[in-house]
Structures are given as structure tokens and as C-alpha cells.
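Okay, so here's the structure we're looking at.
Residue numbers (the numbering used here), protein chains in the order written: chain A, 508 to 892; chain B, 508 to 892.
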């Protein structure tokens with residue numbers, strides 16, 4: 508396998524983008540990534556999208572995007588792994604470059620979630636769970652993550668204030684990110700006084716509904732400096748794993764088995780461990796998710812993720828900077844795009860281009876993207892070349 | 508890149524399978540492929556599915572299937588390219604094995620189309636076209652292919668009897684295939700007297716709505732004989748290309764640009780040409796599609812596909828055997844599964860296990876799977892090892 512690097516990244520504004528269609532968003536992010544890399548063509552492309560069918564009545568998304576990007580007849584593939592679709596696009600592009608089949612591959616993610624009403628959106632998102640045993644019976648994602656939160660509080664003593672510390676930190680980071688959907692700073696009290704969605708999760712514990720797209724250009728590491736003037740970022744570790752689709756099938760719902768396994772594979776491939784990671788974008792779809800993931804990635808002992816975030820250990824300048832972009836909570840969560848957007852943030856940080864939210868001396872970063880209640884997890888570790 | 512071979516295949520019955528769910532179908536085909544290969548585990552898997560969201564309210568299909576197959580925590584990816592989703596799964600699995608990342612990869616395709624009513628099914632299928640410029644304005648797939656048929660008739664003199672010769676041949680082949688949804692033999696008169704769906708396409712020119720799944724096991728060619736007692740079939744050529752998503756954007760709608768390009772790439776990779784191919788499964792979603800594809804793959808001069816099928820040149824025993832399985836028309840067309848089912852047929856033929864429909868001395872076969880009106884096309888060439 509050839510080593511792989513990212514030489515260009517692009518991102519749209521995240522938010523309720525009434526004036527943009529699915530294809531507009533993807534093309535904007537893709538052209539920014541192509542411009543950023545300075546390449547004059549691409550050989551192949553991957554598009555992560557969770558549910559073009561239910562959100563905008565559009566499947567066949569790979570071919571559509573190649574066409575609107577003006578890149579046909581190149582091969583274009585749409586990949587889906589619910590909210591980890593973006594991470595899957597990145598992984599797929601890396602495998603194609605690693606195989607030697609292609610040299611310059613565009614990986615992107617996109618979702619246009621605001622063309623449907625709230626009920627339809629909730630229905631579409633629930634298709635990431637087990638339709639027959641979970642969604643059909645009426646439970647939705649806030650309810651599923653609330654069960655994980657209750658179990659974590661019971662087993663480890665995690666508190667509502669610790670949960671609330673996650674969005675407070677992420678909004679603080681997001682306030683320094685010009686693409687963020689909700690850049691407003693918030694307080695612990697704001698979170699605890701906000702509407703309860705599914706006890707113990709308040710609405711400010713939940714990531715929003717978002718339109719947006721993200722893209723990156725993946726090339727062989729040994730060609731990176733020849734192809735682009737930008738500082739390349741090497742993908743040194745990659746892990747992808749699955750867990751039971753239904754929460755009730757797991758022996759312990761306070762840990763995310765797919766995250767543990769995907770991280771172990773990525774650490775093994777890279778020769779690095781949790782202590783080597785300086786910053787990480789994690790999948791904070793709900794506050795409890797960030798706490799569990801920071802434990803399952805090995806940054807904190809199991810059960811200590813809540814106290815860690817409360818003490819500020821995951822702030823920029825803390826022990827490890829988590830979600831410097833603002834995370835899904837503040838930056839926004841266009842489900843198919845989020846995994847690629849995480850990579851865009853890490854590349855931006857490793858290049859030293861993150862402005863007010865820059866992690867000083869950042870050389871090694873990580874992304875953790877997951878689908879459903881963690882039935883799939885995709886992890887990448889990246890290093891400055 | 509490592510050379511890749513198929514060592515196991517599996518197929519469910521195709522039809523209106525009321526008693527089976529999406530997951531049941533996939534698992535049945537996957538277990539058959541695993542048994543056929545004789546392997547005791549898989550390293551990774553790809554699932555082709557066009558629209559789990561619109562057909563059965565289920566996305567996150569990779570993780571779901573890994574779970575129900577009892578293979579978690581292995582990586583599982585769902586890929587989508589409309590009706591070419593199965594071909595994309597095969598291609599994706601081949602790339603992963605070729606890269607060296609995995610040795611034993613399951614590739615499968617599945618669709619459960621009969622859980623929704625006719626209008627919803629037509630809507631779901633129309634999402635393979637351009638939603639904003641085609642589907643939204645009311646045209647559906649029979650109408651789109653009817654336009655291609657009218658143009659082909661006008662330009663090349665193709666006749667209604669020539670169109671009708673396609674399903675007549677395919678039903679004849681399908682009558683010898685125990686998994687076929689519609690194994691009844693039909694006549695030219697049956698086709699021409701059947702209900703007109705979109706002039707000039709009668710209902711017997713149109714592939715049916717089908718539930719079903721198909722799977723194959725892909726491994727490095729140099730390990731194939733060690734891993735399995737079955738005769739391995741090597742993938743010697745692979746091509747994937749795109750065209751404009753909307754029919755009206757093309758300079759000529761009597762040719763399928765993506766098929767021409769994908770075939771050229773596959774021929775180049777394999778060092779073979781159209782004359783070397785003894786049998787081919789082509790994407791006969793409508794009669795006109797088979798005629799156009801047999802021309803665009805280079806088996807017949809442009810415009811001569813109609814006379815060729817009418818003269819019997821594409822029958823078993825003719826110049827080149829097209830759709831020995833019965834094709835999408837007679838075997839059935841579970842959209843996400845069809846691309847893999849095509850590969851299952853070619854492997855079965857190359858092993859000499861096709862019974863009454865066996866092509867004598869078959870050593871090199873081909874599959875051509877496409878999405879939408881040919882906005883994506885995926886071609887594989889296979890040879891006995």
C-alpha cells in the first residue's frame with residue numbers, strides 16, 4: 508500500500524442555507540478543495556451522503572456530483588455509513604490512492620437537511636438506527652443517546668454539569684470558527700435551563716440540523732509536494748469498525764465498541780498511541796457522545812471523561828484539544844459531511860492556519876466519526892509531513 | 508496493485524418475497540457465498556443498495572448487515588450508484604483487496620422493493636435521475652428510456668420487433684435459471700400485444716420490481732487456490748465511468764458515453780477486446796438498453812444491435828451470449844443487487860456450472876451494470892484462472 512496525504516481542503520458555510528441545493532453545496536466545497544490543492548484535475552471521487560433519498564429525493568449522488576463539478580466521465584462513488592458517511596468517503600479515497608489505481612482523488616461529504624420539515628428530518632435520521640427494532644417502535648436519536656447518558660451517569664457518576672461542559676467548550680471553540688452554524692458562546696446555566704429533549708439531554712446537548720459540505724484532495728504521499736504548494740498532511744493511521752446496530756444488543760451501553768476497535772486499528776497502523784495525539788475532532792452528536800468517545804479513544808480512563816471536560820482538560824491549551832472547530836454542536840452537523848469536515852479542521856490546524864483557535868505546535872491530530880449509536884466508527888490519524 | 512479473484516458466489520431467489528426483509532435477503536446471499544468459497548471468516552464487506560431509505564426506511568446498511576451476518580466488528584461499507592450499486596460494491600471490494608488492506612472481502616448487493624406501493628416505488632427509482640430537472644417535472648424511467656428508444660429507431664431504423672427480441676431471448680434464457688423471477692417463455696407477439704408503458708416500450712420491454720440479493724467473495728488471486736477448493740475466477744479488467752445525470756444534457760442519446768468509457772478502461776486493463784468476450788451480462792433494464800449496450804461495448808457496430816438480437820446473434824450459441832441468466836428482464840432486477848448478480852452468473856458460467864443455459868467452453872466473460880439512464884456504468888471482465 509502506498510502512503511497517502513491530503514493536499515487540499517474546502518468547506519462551505521454550515522447552517523440553514525435556503526439558497527443552496529445539495530449539488531450547489533458539494534460543488535462549492537469541492538472547488539475550494541481543488542483550488543486549495545492547486546491541482547488541475549481529479550482522477551476519481553467519493554461522496555459521503557447519509558440520505559439524499561429521504562432529505563431531497565435524490566440518489567445516484569456520485570454521478571450527479573461528478574457531472575455538476577464538470578469532472579465526468581471520471582468514476583464517482585457515493586458511500587454511506589449514516590453520520591459516518593464523510594469518514595467513509597475519506598477512507599475510501601485513501602484506499603483507492605493506496606492501491607495505486609488513482610493518484611488524485613477528491614473525497615467529499617454533503618447533506619441538505621433543511622428542505623424537509625422537522626418530523627421528516629427526525630424520521631430520516633432514525634434510519635441510522637435499527638428500523639425494525641428501534642425506529643419502528645418510535646425511539647429517535649435523542650432518546651437513544653439519553654439512555655446511554657443515564658447508564659453512564661449511573662455507572663460512573665457523570666453529572667449534568669459535566670454533560671453541559673461539552674457544548675459550553677464547543678461553542679467557545681466555535682465562536683472562533685467563521686464557518687460555524689452557532690458561533691454564540693453559551694454557559695453551563697444556558698444548557699441546564701434549555702428545553703429538555705430526552706432526559707438528561709437538553710436541547711443544547713444536541714447537535715443541530717445543518718446544510719453543508721466539506722471536501723479534501725487525497726494523493727500519494729510521495730507525490731504530495733510535487734502536486735501542491737500547500738503543506739501536505741499524511742494519513743498515518745486508519746481504522747474502521749462496526750458494532751451491533753441496535754443499542755439493546757450490546758452488553759454495555761456506556762462504551763462504544765466500534766470506537767475502541769477502530770482506534771486500536773488506527774493506533775496500530777500509525778505506531779502512535781493516545782498520548783501522541785495533540786488534538787482530535789470527535790463525533791459530539793450529543794454531549795454524552797463526546798464524553799464516551801474521549802474515554803474510548805484512550806485519552807481518559809473509562810468514566811473520567813466527564814470530570815475531564817468539566818476541568819477544562821479538553822479545551823484548547825488543555826491536556827488534549829477536543830473539537831477545536833466547535834464540533835458538531837457549534838459548527839453544525841450536516842450528517843454526510845461531518846466526517847470530512849473533521850479532517851478539514853485537522854488539516855487546517857496541522858498547517859497552522861486555524862487563527863484564533865490554533866493549537867500551538869500541532870503536529871499530530873485525529874478524527875473520530877461515527878454512525879448511529881456507534882454501530883460504525885471511522886478513525887483517522889494525521890501528521891504533518 | 509494485487510490481482511484479484513472471486514472464489515465464492517451466492518444468490519437468493521428473485522421475486523416478490525413477502526416473507527423476507529432486506530436483512531434476511533442479504534444474509535442469505537452472503538452466507539451462500541461464504542459457504543461456496545469455504546472460508547471461515549471475512550475481513551471486510553461492501554453492500555450495494557440503491558435506496559434503503561425510500562424502500563424500507565433503513566440507511567446505515569453496511570453496519571446493519573455486518574451485525575446480522577454475525578461479522579461485527581469488521582468494517583462494512585454501503586455504496587450506492589443507483590442501479591449500478593452492485594457493480595460498485597464489486598469494484599470497491601476489488602480495490603480493497605488490490606490495495607493489500609484486506610485479503611477476504613465480501614461484496615454484496617440487496618434491494619427490497621415490494622414493501623412500498625407502485626407510486627412510491629416509481630418515486631424511489633426516479634431518484635436515480637436528475638431530481639431537479641427530470642424527476643421533479645414528472646418523467647420516470649420508462650419515459651426516459653422510451654426517448655432513447657425513439658431516437659435510436661429514428662437514427663438507425665431499429666424496429667419494435669427488434670426491441671421485442673430482447674425480452675424474448677432473455678425469458679428463454681431465464682426459463683433455464685431456477686432463481687429467475689419470471690421464467691416463462693414469451694413470444695414477439697406477447698411483447699408487442701402487452702400494455703404500452705411509454706411508447707415504444709411495452710410492459711414486456713421493462714424489467715420488473717424485485718426483491719433479492721447477491722454476494723461474492725473477493726480475494727487476492729495468488730491466495731485463491733489456497734483459500735478455496737472452488738475454481739477461482741480472476742477479475743482481469745475493471746472500468747467505471749460517469750456521464751451527465753440528465754438525458755437532455757447529452758449530445759447524442761443513442762449512445763451511452765459512460766458505457767463506452769468504462770468498457771475502454773476495462774479492455775485496456777485486461778488486454779482483451781470485444782472479440783475475446785464469449786458471454787456478457789448487460790444491464791437490460793429496458794429492451795433498448797440491451798441493444799444500445801451491446802453496441803457501446805463494441806460487440807456490434809453502432810446501430811446494428813437491433814438486427815443482431817433479432818437474428819439470434821446474442822443467444823446462447825450465437826456470436827456472443829448476452830444475458831444467459833435471463834438478464835434483469837426475466838431474472839428480475841432488485842436494483843442494488845443486480846450488479847453482483849451479474850457477476851454471480853459469469854462466475855457460474857466460467858465454472859461450467861450453469862446447467863441447461865451453459866455456454867460451452869466459456870473462459871472469458873464480462874458484466875456491464877449501469878445507473879440511471881447510464882449516468883454511471885461499471886464494467887468487469889473475468890477469466891478462468
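All C-beta atoms in this analysis are idealised placements derived from N, C-alpha and C, irrespective of residue type, glycine included. If you're wondering where the values come from, they're calculated on a predicted model, not measured in any experiment.
Residue i versus residue j: straight-line alpha-carbon distance, rounded
i                      : j                      : result
residue 576 of chain A : residue 531 of chain B : 38 Å
residue 711 of chain B : residue 795 of chain A : 55 Å
residue 571 of chain A : residue 536 of chain B : 30 Å
residue 717 of chain A : residue 855 of chain A : 21 Å
residue 836 of chain B : residue 875 of chain B : 15 Å
residue 886 of chain B : residue 764 of chain A : 37 Å
residue 694 of chain B : residue 703 of chain B : 16 Å
residue 656 of chain B : residue 669 of chain B : 11 Å
residue 552 of chain A : residue 545 of chain A : 16 Å
residue 677 of chain B : residue 624 of chain A : 45 Å
residue 831 of chain B : residue 592 of chain B : 21 Å
residue 805 of chain A : residue 560 of chain A : 37 Å
residue 606 of chain B : residue 607 of chain A : 7 Å
residue 578 of chain A : residue 534 of chain A : 11 Å
residue 697 of chain B : residue 526 of chain A : 51 Å
residue 838 of chain B : residue 881 of chain A : 37 Å
residue 508 of chain A : residue 729 of chain A : 12 Å
residue 666 of chain A : residue 818 of chain A : 13 Å
residue 869 of chain A : residue 861 of chain B : 60 Å
residue 540 of chain A : residue 744 of chain A : 22 Å
residue 573 of chain A : residue 715 of chain A : 28 Å
residue 822 of chain A : residue 651 of chain A : 27 Å
residue 681 of chain A : residue 690 of chain A : 5 Å
residue 524 of chain B : residue 735 of chain B : 31 Å
Beta-carbon separation (whole angstroms), residue i vs residue j, contact threshold 8 Å
i                      : j                      : result
residue 615 of chain B : residue 721 of chain B : 6 Å
residue 617 of chain A : residue 824 of chain A : Not a contact, Cβ separation roughly 33 Å.
residue 626 of chain A : residue 562 of chain A : Rounded, the Cβ-Cβ distance is 13 Å, inconsistent with contact.
residue 872 of chain B : residue 786 of chain B : 5 Å
residue 602 of chain B : residue 581 of chain B : Actually they are not in contact, since the Cβ atoms of residue 602 of chain B and residue 581 of chain B sit about 17 Å apart, beyond 8 Å.
residue 521 of chain B : residue 687 of chain B : 7 Å
residue 708 of chain B : residue 793 of chain B : 6 Å
residue 816 of chain A : residue 726 of chain A : Not quite, the Cβ-Cβ distance comes to about 36 Å (not below 8 Å), so this is no contact.
residue 847 of chain B : residue 723 of chain B : 6 Å
residue 588 of chain A : residue 595 of chain A : 4 Å
residue 879 of chain A : residue 635 of chain A : 4 Å
residue 773 of chain A : residue 888 of chain A : 5 Å
Residues sharing a beta bridge with residue i, DSSP
i                      : result
residue 619 of chain A : A:718
residue 872 of chain B : B:786, B:889
residue 553 of chain B : B:584, B:614
residue 747 of chain A : A:885
residue 724 of chain B : B:515, B:613
residue 736 of chain A : Partner(s): none; residue 736 of chain A has no beta bridge.
residue 522 of chain B : B:718
residue 590 of chain A : A:588
residue 741 of chain B : B:512, B:890
residue 829 of chain B : B:787
residue 878 of chain B : B:883
Contacting residues, own chain, Cβ-Cβ under 6 Å from residue i (five flanking each side not counted)
i                      : result
residue 683 of chain B : 863, 864
residue 884 of chain A : 748, 765, 766, 769, 877
residue 731 of chain B : 512, 514, 739
residue 741 of chain A : 512, 728, 890, 892
Close beta carbons around residue i, own chain, < 7 Å, minus the five adjacent residues each side
i                      : result
residue 654 of chain A : 754, 760
residue 609 of chain A : 550, 551, 603
residue 812 of chain A : 798, 799, 801, 802
residue 706 of chain B : 653
residue 640 of chain A : 753
Contacting residues, own chain, Cβ-Cβ under 8 Å from residue i (five flanking each side not counted)
i                      : result
residue 757 of chain A : 750, 751, 764
residue 565 of chain B : 529, 559, 571
residue 542 of chain B : 515, 517
residue 538 of chain B : 517, 576
Original post:
Which ranges would you report for the beta strand (DSSP E) in the segment 779 to 825 of chain B if only whole runs of at least 3 residues count?
Top reply: The segment 779 to 825 of chain B contains these whole beta strand (DSSP E) runs: 786 to 788.
Original post:
Which ranges does the beta strand (DSSP E) cover as unbroken runs of at least 3 residues, wholly within the segment 633 to 713 of chain A, from first to last along the chain?
Top reply: Considered as a whole, the segment 633 to 713 of chain A harbours 703 to 705 as its complete beta strand (DSSP E) runs of no fewer than 3 residues, in chain order.
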